[in-house]
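For the record, the sequence lines run as chains H and R.
All residue numbers for the first sequence refer to the numbering used here, where the first residue is 1 and numbers rise by one.
All residue numbers for the second sequence refer to the numbering used here, where the first residue is 154 and numbers rise by one.
Right, one structure below, let's go through it.
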Amino acid sequence: MSRRQRRLALIGSALAVLAAAAALVLTALRDSIVFFHPPTEIVEKAIAPGSRLRVGGLVKEGSLVRGEGRSVRFVVTDTKTDLPVSYAGILPDLFREGQGVVAEGVLQADHSFRADSVLAKHDEKYMPREVADALKKQGLWQHNGADAAPSTQ
Amino acid sequence: MTTMFARLANPTVFLVLTRRLLPALAGLTALLFAAGLYLSFAASPADYQQGDTVRIMYVHVPAAWLSMLIYTLIAISALGTLVWRHPLADVAAKTAAPLGACFTLLCLLTGSIWGRPMWGAWWVWDGRLTSVFVLFLIYLGLIALQRTIEDPGQAARAAAIMAIVGFINIPIIKFSVDWWNTLHQPASVFRLGGPSVDPTMLWPLMVMAAAFLFLFVTLHLASMRNELLRRRIRTIALLNSRTQPA
Chain H
1 MSRRQRRLAL IGSALAVLAA AAALVLTALR DSIVFFHPPT EIVEKAIAPG
51 SRLRVGGLVK EGSLVRGEGR SVRFVVTDTK TDLPVSYAGI LPDLFREGQG
101 VVAEGVLQAD HSFRADSVLA KHDEKYMPRE VADALKKQGL WQHNGADAAP
151 STQ
Chain R
154 MTTMFARLAN PTVFLVLTRR LLPALAGLTA LLFAAGLYLS FAASPADYQQ
204 GDTVRIMYVH VPAAWLSMLI YTLIAISALG TLVWRHPLAD VAAKTAAPLG
254 ACFTLLCLLT GSIWGRPMWG AWWVWDGRLT SVFVLFLIYL GLIALQRTIE
304 DPGQAARAAA IMAIVGFINI PIIKFSVDWW NTLHQPASVF RLGGPSVDPT
354 MLWPLMVMAA AFLFLFVTLH LASMRNELLR RRIRTIALLN SRTQPA
């Protein structure tokens, strides 16, 4: 082994150890790195009412009810579990039924969610309006909103 | 192959070659930007849900790609410094760091401007945004470290070690949107199953990406020339001060 090869091997093994350490740290911190929790996770983990968190999913079709002033009610769903959300404030432009959404607020005792901020989440697809219309016409539109609906992993 | 590479990487050959190459590269960059800006801001269609706001993508995405590409280049150069002790490797790493920091900042700023109307927030601490912010801090740290240690050889080695350690962050940035729930959407171009960007928008994006890439190559080569000449002057000054004591 030449000196260069030895140096290369040393750097390679140091990097491997470092990568393993980073992987362990990131795995351990997973719960605080995730930006939001899908409704199913909130039920499964039996998160206590009164805790502050972000819930993310799709705005369920047909669930949006506008109240007085700027107050709205809607249901966030990950297609398995629904969570009713109430909110008073300005909604982002992209907010609509079927669209991905992340709401931050407090879980209530009656297992609803009181949001004090609502963010829209969009998917990774970009296309002109005509293409979107054509896809819808041909019935090829696969609108899963955003991929905010979490994959089951 | 190795001998050709070694010849190109000889500092003197590098200086001669880049002096001839730079005007052509600058011209090509200007042409690509002219075409790219026209395609992305005039000729390309608005997005079906984001409208004209989607045009921020044509600056944001190339800046984001470059921020990671430049860091990868710095990490490879760091290997060149530590393993092969090549004189040009540290020159490349040292001059790439400020450029990388600039493109990362551009990515963060345009992303913030894009996030406000679309998501409803200038900034959130999700996996993608946070890891790119960490990349920006690593760039700043590298720049500081390269300039803190006076001895060039020591500075090069210390910065190279930091650059390699910091490289861990690059795959984290790339896969942050797959590993964790984030507000940022997953990859649109470099993804399994091909790009999810319509061709009428993908082409302008690619031309802009090429323009950004050539802008970086031009600036980097010019900056490397300056750094090489600066080091030569330093060496000459050192030799002079030794031969004729004041």
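Glycine is no exception: its CB is placed at the ideal position from the N, C-alpha and C atoms.
Residue i, enclosing alpha helix (DSSP H) - first and last residue
{"i": "E130(H)", "result": "129-137"}
{"i": "I310(R)", "result": "Reading the sequence as shown, one finds Arg at residue 310(R) and not Ile. That run of the alpha helix (DSSP H) goes 305-319."}
{"i": "T257(R)", "result": "240-271"}
{"i": "Q5(H)", "result": "3-28"}
{"i": "W218(R)", "result": "210-232"}
{"i": "T283(R)", "result": "280-301"}
Distance, residue j Cα to residue i Cα
{"i": "P150(H)", "j": "V370(R)", "result": "Residue confidence is low: P150(H) scores 43 on pLDDT, short of 50, so the model does not pin down where it sits. No coordinate-derived value is stated."}
{"i": "W237(R)", "j": "Q299(R)", "result": "19 Å"}
{"i": "A309(R)", "j": "P324(R)", "result": "24 Å"}
{"i": "R269(R)", "j": "G347(R)", "result": "28 Å"}
{"i": "V169(R)", "j": "R383(R)", "result": "16 Å"}
{"i": "S220(R)", "j": "A362(R)", "result": "12 Å"}
{"i": "S107(R)", "j": "S112(H)", "result": "Look at the range of chain R in this structure, 154 to 399, and you will see that residue 107(R) is not part of it."}
{"i": "D123(H)", "j": "Q307(R)", "result": "47 Å"}
{"i": "G62(H)", "j": "R114(H)", "result": "19 Å"}
{"i": "W276(R)", "j": "S265(R)", "result": "6 Å"}
{"i": "A48(H)", "j": "A216(R)", "result": "42 Å"}
{"i": "V244(R)", "j": "A183(R)", "result": "26 Å"}
{"i": "T301(R)", "j": "F328(R)", "result": "33 Å"}
{"i": "A311(R)", "j": "P240(R)", "result": "15 Å"}
{"i": "M354(R)", "j": "A340(R)", "result": "15 Å"}
{"i": "S376(R)", "j": "K136(H)", "result": "51 Å"}
{"i": "A97(R)", "j": "L381(R)", "result": "No answer is possible for residue 97(R): it lies beyond the span of chain R, which begins at 154 and ends at 399."}
{"i": "N322(R)", "j": "D351(R)", "result": "30 Å"}
{"i": "R3(H)", "j": "A195(R)", "result": "56 Å"}
{"i": "M210(R)", "j": "I389(R)", "result": "47 Å"}
{"i": "R395(R)", "j": "R387(R)", "result": "12 Å"}
{"i": "T234(R)", "j": "A316(R)", "result": "11 Å"}
{"i": "R208(R)", "j": "G189(R)", "result": "12 Å"}
{"i": "L175(R)", "j": "V360(R)", "result": "20 Å"}
{"i": "V131(H)", "j": "S349(R)", "result": "13 Å"}
{"i": "F320(R)", "j": "N393(R)", "result": "40 Å"}
{"i": "L232(R)", "j": "V287(R)", "result": "22 Å"}
Beta carbon proximity, residue i to chain R, threshold 8 Å
{"i": "R129(H)", "result": "yes"}
{"i": "I11(H)", "result": "yes"}
{"i": "P92(H)", "result": "yes"}
{"i": "Y126(H)", "result": "yes"}
{"i": "D147(H)", "result": "With a pLDDT of 44 at D147(H), under the threshold of 50, the modelled position of that residue is not reliable, and no figure is offered here."}
{"i": "I33(H)", "result": "yes"}
{"i": "G57(H)", "result": "no"}
{"i": "H111(H)", "result": "no"}
{"i": "A103(H)", "result": "no"}
{"i": "A115(H)", "result": "no"}
{"i": "P150(H)", "result": "Bear in mind that a pLDDT of 43 at P150(H), under 50, signals an unreliable position, so the number given afterwards is only what the model happens to contain. Interface residue, yes."}
{"i": "V118(H)", "result": "yes"}
Cutoff 8 Å: residue i Cβ touching any chain H Cβ
{"i": "V360(R)", "result": "no"}
{"i": "S299(R)", "result": "Correcting the residue type first, residue 299(R) is Gln in the shown sequence and not Ser. It does not: the Cβ of Q299(R) has no partner Cβ on chain H nearer than 8 Å."}
{"i": "A162(R)", "result": "no"}
{"i": "T263(R)", "result": "no"}
{"i": "S193(R)", "result": "no"}
{"i": "L345(R)", "result": "no"}
{"i": "V285(R)", "result": "no"}
{"i": "L295(R)", "result": "no"}
{"i": "G273(R)", "result": "yes"}
{"i": "L174(R)", "result": "no"}
{"i": "V214(R)", "result": "no"}
{"i": "S376(R)", "result": "no"}
Per DSSP, the bridge partner or partners of residue i
{"i": "A188(R)", "result": "Per DSSP, none; premise fails for A188(R)."}
{"i": "Y87(H)", "result": "V72(H), A115(H)"}
{"i": "A120(H)", "result": "V101(H)"}
{"i": "V403(R)", "result": "Here chain R comprises residues numbered 154 to 399, so residue 403(R) is not present and cannot be evaluated."}
{"i": "G57(H)", "result": "V101(H)"}
{"i": "T388(R)", "result": "T388(R) pairs with nothing; no bridge assigned."}
{"i": "D205(R)", "result": "D205(R) pairs with nothing; no bridge assigned."}
{"i": "Y126(H)", "result": "V350(R)"}
{"i": "L107(H)", "result": "F113(H)"}
{"i": "R383(R)", "result": "In DSSP, R383(R) forms no bridge with anything."}
{"i": "H37(H)", "result": "V55(H)"}
{"i": "V65(H)", "result": "R73(H)"}
{"i": "D200(R)", "result": "P128(H), G204(R)"}
{"i": "D82(H)", "result": "T77(H)"}
Subject >> Stretch-stretch touch, CB-based, cutoff 8 Å, three pairs: the region 252-263 of chain R with the region 321-338 of chain R >> reply: no
Using 8 Å as the threshold, is the region 118-130 of chain H in touch with the region 189-201 of chain R, meaning 3 or more CB pairs across them? yes
Check your understanding: Counting pairs of Cβ atoms below 8 Å between the region 270-279 of chain R and the region 80-95 of chain H, do you hit three or more?
Key -> yes
Contact between the region 16-30 of chain H and the region 44-61 of chain H: three or more CB pairs below 8 Å? no
Using a Cβ distance threshold of 8 Å, determine whether the region 202-215 of chain R contacts the region 278-290 of chain R, with at least three qualifying pairs required.
no
| request: Please confirm if the region 52-71 of chain H is in contact with the region 79-91 of chain H, defined as three or more CB-CB distances below 8 Å between the two stretches. | output: yes
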